[in-house]
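J.: I'd like to ask some things about the structure below.
Number of protein chains: 2
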Amino acid sequence: MMVENKNERPVILVTNDDGITAPGIASLVEAVKDLGDVIVVAPDKPQSGMGHAITIGVPLRLNKVDDIIDGVTSYQTSGTPVDCVKLAVDKILHRKPDICLSGINHGANHSINVIYSGTMSAAMEASIEGIPSVGFSLLDFRFEADFTASKFFVRKIVESLLKAPKNVKHLLLNVNIPAVPLELMNGIKVCKQAYAKYDEDFDERQDPHGKKYYWLTGEFVNFDTSEDTDVWALEHNYVSVVPVQFDLTNYELKKQLEQNWDIL
Amino acid sequence: MMVENKNERPVILVTNDDGITAPGIASLVEAVKDLGDVIVVAPDKPQSGMGHAITIGVPLRLNKVDDIIDGVTSYQTSGTPVDCVKLAVDKILHRKPDICLSGINHGANHSINVIYSGTMSAAMEASIEGIPSVGFSLLDFRFEADFTASKFFVRKIVESLLKAPKNVKHLLLNVNIPAVPLELMNGIKVCKQAYAKYDEDFDERQDPHGKKYYWLTGEFVNFDTSEDTDVWALEHNYVSVVPVQFDLTNYELKKQLEQNWDIL
């Protein structure tokens, strides 16, 4: 659904939240490099957990940094993942790319993580702009994670989207990939976002000057045992694909309030 | 729907994204102070546009700062609005508050702004925790904004929610208030989030060392002309209330993909 001009190769914008030097973004580029003209615009440092943050209090830097990712035009910015997408469209491409790919994130972005994730927020920003977009995450947060199977599925999904007709207005997918070898994978499963959250447990410490500080830690708790969730799919060695939207209206509650709220 | 124990006053957690010294948070506290035991946990500096960012790469500071807001126990943190809610529940209250109120934001958080807003992300974080929560915003970003009418509507809404039965699992409201005097207001309207976005236009400048930098600017564009949106309501002097959810699954697209996607 992306090819604007059938005579041209599609323009593929690649970003992430782990920063431009993370192995995950290099793997993403490798997987799709020959499917179009790839351009990388990514943060110059890790920006995990940035959610949909934008930079408004300080100005942004944008620098061309070829040779970080082999054979691909690349830029790094001082901004958040969402800033990267805005800068790419407005200051570098001067047009909308045909597709925006974010990741491959080092670590899971299933269930409630979609809310905190810089990877998914970059993809969502592109989707708000009407650019079909996909965030990819591997369930292995290590620097030395093995992206072999991920690359296979990234390519399969992107190839399919580039061929599809332009009939979805705001195509936005949250793809998570289990950290198992390709031969153990059961395929791709379209899912809903599991209802899960983190039980916070701040790690309280004392600095050398005797003042307290806190590290955010937490335990993941899944409350959603239904079989059509992303958490279930990943536990059963499926690649989970959750279609995501940026209309956050709770229409059910809207109806309830319209009917019953005494202060209206 | 919030009173956990009928013999106790409700615990009201107040936060914001403009920082603990912003007039908007003092107005919010003033409006609800006698409705329960109010505790303020807010950022020590402006955090507008932080979206659902959390702080994971650096530790957090948390300091008691009584006397900033008259007569109310207050804490400031070095973190984002979402961090404030997590710290309040885990390190200060050691329980869930009965309601969480965020704001009053200096500036609009209607339509697509809900995605970028630190004010709304703090409220959403509380909602994920199962805490009923409301984000309030006034359509006037000036420091010297007049919160008189806002206080009237904040009180009306919070009073009503504290009286209501506990029948909504994740109550989360995005309330925007037009910047007009009380006598010109037409009341409260429950709405959906308008489909709107920003057309970015980065302001390119040169620093004293000859290097470029960019300020994010942009023009708000509303594509949604239907009369049940928050943008319409605000333009017609209604206080807009959009019920918000954190399940971002696009169920319509999920069904389409399940039926038609050839790679499944």
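Going line by line, the protein sequences match chains S and U. Residue numbering for the first sequence follows our numbering, starting at 704 and increasing by one per position. Residue numbering for the second sequence follows our numbering, starting at 704 and increasing by one per position. The C-beta atom is built at its ideal place from N, Cα and C for all residues, glycine as well. Just so you know, these numbers come straight off a predicted model, no measurement behind them.
1) From P884/S to C803/S, what distance separates their C-alpha atoms?
2) Give a yes or no on contact between the region 782–789 of chain S and the region 751–760 of chain S, applying the rule of three or more CB pairs nearer than 8 Å.
3) Leaving out the 5 sequence neighbours to the left and right, which residues in its chain are closer than 7 Å to I771/S when beta-carbon positions are compared?
4) Would you kindly work out how many angstroms separate the C-alpha atoms of S970/U and K854/U, rounded to a whole number?
5) What does V947/U touch in chain S if you count any residue whose Cβ is under 8 Å from its own?
6) With 8 Å set as the bound, which would you pick, yes or no: does the beta-carbon of V893/U sit closer than that to a beta-carbon of chain S?
7) What is the DSSP secondary structure of N816/U, counted as helix, strand or coil?
8) Y949/S: buried (16+ other C-beta within 10 angstroms of its C-beta) or exposed?
9) Give every residue of the same chain whose Cβ lies closer than 7 Å to the Cβ of V732/S, excluding the five residues on either side of it in the sequence, and list them in chain order.
10) By DSSP's criteria, A745/U is part of a beta bridge. Which residues make up the other side?
11) What residues from chain S crowd round L956/U, counting only those whose CB sits closer than 8 Å?
12) Please determine, among D737/S, V735/S, L765/S and K736/S, the residue with the shortest C-alpha to C-alpha distance to K748/S.
13) Quick one: grab the DSSP three-state call for V706/S.
14) Could you tell me which residues DSSP pairs with S983/S in its beta bridges?
15) Do you know how far the Cα of Y898/S is from the Cα of G727/U?
16) If the cut is a Cβ gap below 9 Å, which residues of chain U does Q779/S touch?
17) Please state whether the Cβ-Cβ distance between V878/S and I860/S is less than 8 Å.
18) DSSP three-state label for R712/S, please.
19) Run down chain U in chain order and give the residues with a C-beta less than 7 Å from the C-beta of Y916/S.
20) Exposed or buried, which one is D902/S when buried takes at least 16 other CB atoms within 10 Å?
21) Report yes if the CB atom of D843/S is closer than 8 Å to the CB atom of S863/U, and no otherwise.
22) Whose C-beta lies closer than 8 Å to the C-beta of L790/S among residues of the same chain, with five residues either side of it excluded?
23) Quick one: measure Cβ to Cβ for G806/U and F856/U, integer angstroms, because I've assumed they're closer than 8 Å.
24) I want to see whether chain S comes within less than 8 Å of I742/U, judged by CB atoms only; does it?
25) With DSSP as the reference, label R764/S as helix, strand or coil.
26) Does the CB of Q896/S have a neighbour CB from chain U at under 8 Å?
27) Please list, in chain order, the chain S residues whose beta carbon lies closer than 7 Å to that of H813/U.
28) How many angstroms separate the CA atom of Q909/U from the CA atom of Y917/U?
T.: Answer, in terms of the structure:
1) Here residue 884/S corresponds to residue number 181 of the first sequence, with the count starting at 1. Here residue 803/S corresponds to residue number 100 of the first sequence, with the count starting at 1. Going by the C-alpha atoms only, they are around 26 Å apart.
2) Yes, the region 782–789 of chain S touches the region 751–760 of chain S.
3) Against the first sequence, residue 771/S aligns to sequence position 68. Excluding residues within five positions, the ones whose Cβ falls inside 7 Å are I723, T724 and S777.
4) In the structure as shown, chain U starts at 704 and stops at 967, and residue 970/U therefore has no counterpart that could be examined.
5) Along the second sequence, read from residue 1 onward, the residue named residue 947/U stands at position 244. V947/U reaches chain S at L951, T952 and N953, counting residues in chain order whose Cβ is nearer than 8 Å.
6) Stepping through the second sequence from its first residue, residue 893/U is reached at position 190. Yes, V893/U counts as interfacial toward chain S.
7) Walking along the second sequence from the start, residue 816/U turns up at place 113. Three-state result, N816/U: helix.
8) As a first step, residue 949/S must be located in the first sequence, where it is residue number 246. Just to set this straight, residue 949/S is Phe in the shown sequence, not Tyr. Result: buried.
9) By 1-based counting over the first sequence, the position of residue 732/S is 29. Within the same chain, V717, V741, V743, I772 and V775 come within 7 Å of V732/S by CB-CB distance, once the 5 residues on both sides are set aside.
10) Numbered from its first residue, the second sequence carries residue 745/U at position 42. Beta-bridge partners assigned by DSSP to A745/U: Q779/U.
11) As a first step, residue 956/U is located in the second sequence; it is residue number 253 there, counting from the start. The answer, in chain order, is V871, L874, P946 and Q948.
12) Locating residue 748/S in the first sequence gives position 45, where the first residue counts as 1. Checked all of D737/S, V735/S, L765/S and K736/S; the closest Cα to K748/S is L765/S.
13) Here residue 706/S refers to the residue found at position 3 of the first sequence. Caution applies to V706/S, whose pLDDT of 42 falls short of 50 and renders its modelled position unreliable; the model cannot decide the point.
14) The structure shown does not extend to residue 983/S, since chain S is modelled only from 704 to 967, so the question has no answer here.
15) For the purposes of this step, residue 727/U is identified with residue 24 of the second sequence, where counting begins at 1. For the purposes of this step, residue 898/S is identified with residue 195 of the first sequence, where counting begins at 1. Distance from the CA atom of G727/U to the CA atom of Y898/S, rounded to whole angstroms, is 33 Å.
16) By 1-based counting over the first sequence, the position of residue 779/S is 76. Correct list: empty, because the minimum Cβ distance to chain U is about 13 Å.
17) The residue labelled residue 878/S in the question sits at position 175 within the first sequence. The residue labelled residue 860/S in the question sits at position 157 within the first sequence. In contact: V878/S and I860/S (Cβ atoms closer than 8 Å).
18) Sequence index remark: in the first sequence, residue 712/S carries index 9 (1-based). Three-state DSSP puts R712/S in coil, outside helix and strand.
19) By one-based count along the first sequence, residue 916/S stands at place 213. For the C-beta of Y916/S, the chain U residues within less than 7 Å are, from N- to C-terminus, P762, L763 and R764.
20) For the purposes of this step, residue 902/S is identified with residue 199 of the first sequence, where counting begins at 1. D902/S counts as exposed, since fewer than 16 other C-beta atoms from the protein chains shown sit within 10 angstroms of its C-beta.
21) The residue you call residue 843/S lines up with position 140 of the first sequence. The residue you call residue 863/U lines up with position 160 of the second sequence. No, these two residues do not count as a Cβ contact at 8 Å.
22) Residue numbering aside, residue 790/S sits at position 87 when the first sequence is read from its first letter. Within the same chain, L790/S has close Cβ partners V744, L763, L765, Y778, T780 and G782.
23) Looking up residue 806/U in the second sequence gives position 103. Looking up residue 856/U in the second sequence gives position 153. Taking C-beta atoms under 8 Å as the contact rule, G806/U and F856/U fail to qualify, at a distance of about 11 Å.
24) Here the question's residue 742/U lines up with position 39 in the second sequence. Using beta-carbon distances, I742/U does not count as an interface residue toward chain S, since no partner is under 8 Å.
25) In the first sequence, counting from the first residue as 1, residue 764/S sits at position 61. Residue state, collapsed to three classes: coil.
26) Looking up residue 896/S in the first sequence gives position 193. It does: the Cβ of Q896/S has a partner Cβ on chain U nearer than 8 Å.
27) Along the second sequence, one-based indexing puts residue 813/U at 110. Within chain S, no C-beta atom comes nearer than 7 Å to that of H813/U; the closest sits roughly 12 Å away.
28) Residue 909/U sits at position 206 when you count from the first residue of the second sequence. Residue 917/U sits at position 214 when you count from the first residue of the second sequence. In a straight line, the C-alpha of Q909/U is about 9 Å away from that of Y917/U.
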